[in-house]
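Residue numbers (this note's numbering), protein chains in the order written: chain A, 717 to 989; chain B, 775 to 1135.
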């Protein structure tokens, strides 16, 4: 290759490299902090752990005030994901297959629910759930998050469903499938990719949402994001511990992304997501 | 055993999709629904299948009113223009699905699927998924699924339209054989007059949601009841021109005239519409009574064995189709002959008043 051309390519590769370093830096910093002691973190600038320690992780996995946060979070996140997608499936089917009075307005109205900041709903939810005895349970958060996740799931699924020709439905009816049997045995497997994408987005929203999760719980169902906002305790600053908790919080999201990455690409191709 | 549509209409949100239709399809017949896109072929099929309810009228099967009966209980099969298969199931399971629904036992299913797969040459593909098949094989799978159960009615909605030329020819030859010894009613929708002629059987010509004529295919081709049926059942489009019949002669508006052919002799004098199929206008006279019509050449389409010539005649575009290659220069005047014995004469109301009967068309 011509030397000039080679330097050009090297120069061009520099830009994305810088961009990626820029993106990864905070994550790197978080991970290195998690292996440092709090004293080292506060003591001065060290680009990597001088006194490498796993104590922060040990603490999280042994102290129930920490690890129960993960369990609580996963409980309401999974409950919310299942609830949202199960409710959204028939709704999305109706929007994609039937024309009815005000269907487009209803679809838009559903989406507007997502546009409201969660803070708007914090107070009414708190009051309502306290009244019916749901306060400080994983269900409180799971139900509250459906307000945002059901519209999102309906929107994503509707896109995938509209990509399936309605002749598929008709063929199944002609073959003799009653509606629900067709829906469960033929239609749901056909849009499996869409369900994967919808689950992913519901999971991620519910996992990172802080305000409602924090407001609607106190002790028994406290989610990890709420635990992490506690920067100081009786033993002073615990920055290393917080960094370890943060690192662990990224892990489930990374896992889920790894599994649905192909589906998400498909979702982009279909014009949704 | 018949399927009968009695005064069936269908309108959606104020626009009429099917005007009042009466149609009776007999057991063991092959019925072609011929019409352009949006003529109402698919709507009519959906009404026949029970996928859609008519706005008014009655659908009867074996002398029983089935208008409100759900499609699942009608024992019909349908094949669409798009290749519709269940993407997550293997070809075997796709074909077996109508039998699985009725709870047939596995051994019997295996036997039936094996038989129909053999018939459609799908045996080596049975364990594949539809996405791994060619378009022709995908459509074969859909046809196999339609044939695997003993349906009373099989509806084929332009099943060959999305296939490439070669595969279309191949499947077109196979189709009649597939239905040969079945006692079902077959309805086949197509936009191509050539397909209707090839399949024979009966043809219903459709135009803008109306069945203009229904009967044996050859009869409709030879003796279209009205101008619309003739236009639907003609490719290239049938040539038309206003004419006057007087004193035993037929005269075009440009003055060209010829003695009234015997088949039109009974029509009273007056204004009519003359219709001539493209292959009855040729560069050479086809018989002694051929009439010379010249025109300015607009477009020539030469395919391997025939020439299609669009020419202008007094502001009206006519089309000639003839065997052999006849190179014409665009803009020049071409000498052409109309076989007037094989032309049709339609009254002002569009009804056929005279024209070819029997013989070669």
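Note that beta-carbon positions come from the ideal geometry of N, C-alpha and C, so glycine has one too.
{"Query": "I want to see whether chain A comes within less than 7 angstroms of residue 911 of chain B, judged by CB atoms only; does it?", "Result": "no"}
{"Query": "State the Cα-Cα distance for the pair residue 876 of chain B and residue 856 of chain B, rounded to the nearest angstrom.", "Result": "26 angstroms"}
{"Query": "Enumerate, from N- to C-terminal direction, the unbroken alpha helix (DSSP H) stretches of 4 or more residues contained entirely within the region 938–968 of chain A.", "Result": "940–944"}
{"Query": "Give a yes or no on whether 7 angstroms exceeds the smallest Cβ distance from residue 833 of chain B to chain A.", "Result": "no"}
{"Query": "Does the beta-carbon of residue 909 of chain B have 16 or more other beta-carbons within 10 angstroms, so that it is buried, or is it exposed?", "Result": "exposed"}
{"Query": "Going along the chain, which residues of its own chain have a beta-carbon closer than 7 angstroms to the beta-carbon of residue 915 of chain A, five neighbours each way excluded?", "Result": "797, 801"}
{"Query": "What does a CB cutoff of less than 7 angstroms around residue 927 of chain A pick up in its chain, not counting 5 residues either side in sequence?", "Result": "834, 835, 838"}
{"Query": "May I have the straight-line CA-CA distance separating residue 1037 of chain B from residue 1003 of chain B, to the nearest angstrom?", "Result": "19 angstroms"}
{"Query": "If the cut is a Cβ gap below 7 angstroms, which residues of chain B does residue 892 of chain A touch?", "Result": "846, 872, 875, 876"}
{"Query": "Return the residue from the list A:934, A:879, A:965, A:757 that minimises the CA-CA distance to residue 851 of chain A.", "Result": "A:934"}
{"Query": "Going along chain D, which residues have a C-beta under 8 angstroms from residue 825 of chain B?", "Result": "As a matter of chain content, chain D is missing from the structure shown, whose protein chains are A and B."}
{"Query": "Measuring straight from C-alpha to C-alpha, what distance separates residue 883 of chain A and residue 853 of chain B?", "Result": "9 angstroms"}
{"Query": "Pick out the complete beta strand (DSSP E) segments inside the region 777–846 of chain B, 3 residues or longer, and give them in chain order.", "Result": "789–800, 804–808, 830–835"}
{"Query": "Using DSSP's beta-bridge definition, name the partner residues of residue 1073 of chain B.", "Result": "B:1084"}
{"Query": "Could you give the C-beta distance for residue 925 of chain B and residue 849 of chain B, rounded to a whole number, given that I count them as a contact under 8 angstroms?", "Result": "6 angstroms"}
{"Query": "Taking the alpha carbon of residue 1115 of chain B as the point to measure from, which residue in B:1064, B:998, B:1106, B:1028 has its own alpha carbon closest?", "Result": "B:1064"}
{"Query": "Residue 871 of chain A: buried (16+ other C-beta within 10 angstroms of its C-beta) or exposed?", "Result": "buried"}
{"Query": "Between the alpha carbons of residue 974 of chain A and residue 911 of chain A, how many angstroms are there, rounded?", "Result": "16 angstroms"}
{"Query": "State the CB to CB distance for the pair residue 954 of chain B and residue 801 of chain B, rounded to an integer number of angstroms; the pair is presumed to be in contact (CB under 8 angstroms).", "Result": "Not really, about 14 angstroms apart at Cβ, beyond 8 angstroms."}
{"Query": "Looking at the C-beta of residue 902 of chain A, does it have a partner C-beta in chain B at a distance below 7 angstroms?", "Result": "yes"}
{"Query": "Determine the chain B residues that contact residue 883 of chain A at a beta-carbon separation under 7 angstroms, and present them in chain order.", "Result": "854, 856, 858"}
{"Query": "Given a limit of 8 angstroms on CB to CB distance, which residues of the region 983–1000 of chain B reach chain A?", "Result": "none"}
{"Query": "Considering only DSSP beta bridges, list what residue 1018 of chain B is partnered with.", "Result": "B:1025, B:1045"}
{"Query": "Answer with buried or exposed for residue 966 of chain A, where buried requires no fewer than 16 other C-beta atoms within 10 angstroms of its C-beta.", "Result": "exposed"}
{"Query": "Going along the chain, which residues of its own chain have a beta-carbon closer than 6 angstroms to the beta-carbon of residue 930 of chain B, five neighbours each way excluded?", "Result": "853, 962"}
{"Query": "Quick check on residue 816 of chain A: buried or exposed, where buried means 16 or more other Cβ atoms within 10 Å of its Cβ?", "Result": "exposed"}
{"Query": "Determine the chain B residues that contact residue 906 of chain A at a beta-carbon separation under 9 angstroms, and present them in chain order.", "Result": "860, 861, 862"}
{"Query": "Tell me where the beta strand (DSSP E) around residue 752 of chain A begins and ends.", "Result": "Segment: none, residue 752 of chain A is in no beta strand (DSSP E) and carries neither H nor E."}
{"Query": "If you run the structure through DSSP and keep just helix, strand and coil, what is residue 1092 of chain B?", "Result": "strand"}
{"Query": "Out of B:990, B:986, B:789, B:1011, which has the shortest C-alpha to C-alpha gap to residue 999 of chain B?", "Result": "B:986"}
{"Query": "Would you call the region 758–775 of chain A and the region 888–901 of chain A in contact, with 3 or more CB pairs under 8 angstroms?", "Result": "no"}
{"Query": "With C-beta atoms as the reference, is residue 980 of chain B less than 7 angstroms away from residue 831 of chain B?", "Result": "no"}
{"Query": "Just to make sure I have the definition right: I need the residues of chain A whose C-beta is within less than 8 angstroms of the C-beta of residue 956 of chain B. Which are they?", "Result": "The contacting residues do not exist; residue 956 of chain B stays about 17 angstroms from chain A at best."}
{"Query": "In three-state terms, what does DSSP make of residue 1126 of chain B?", "Result": "strand"}
{"Query": "Relative to the alpha-carbon of residue 847 of chain B, which residue among A:941, A:890, A:979 has its alpha-carbon at the smallest distance?", "Result": "A:890"}
{"Query": "Under 8 angstroms, with one C-beta from each stretch per pair, do the region 791–801 of chain B and the region 982–996 of chain B reach the 3-pair mark?", "Result": "yes"}
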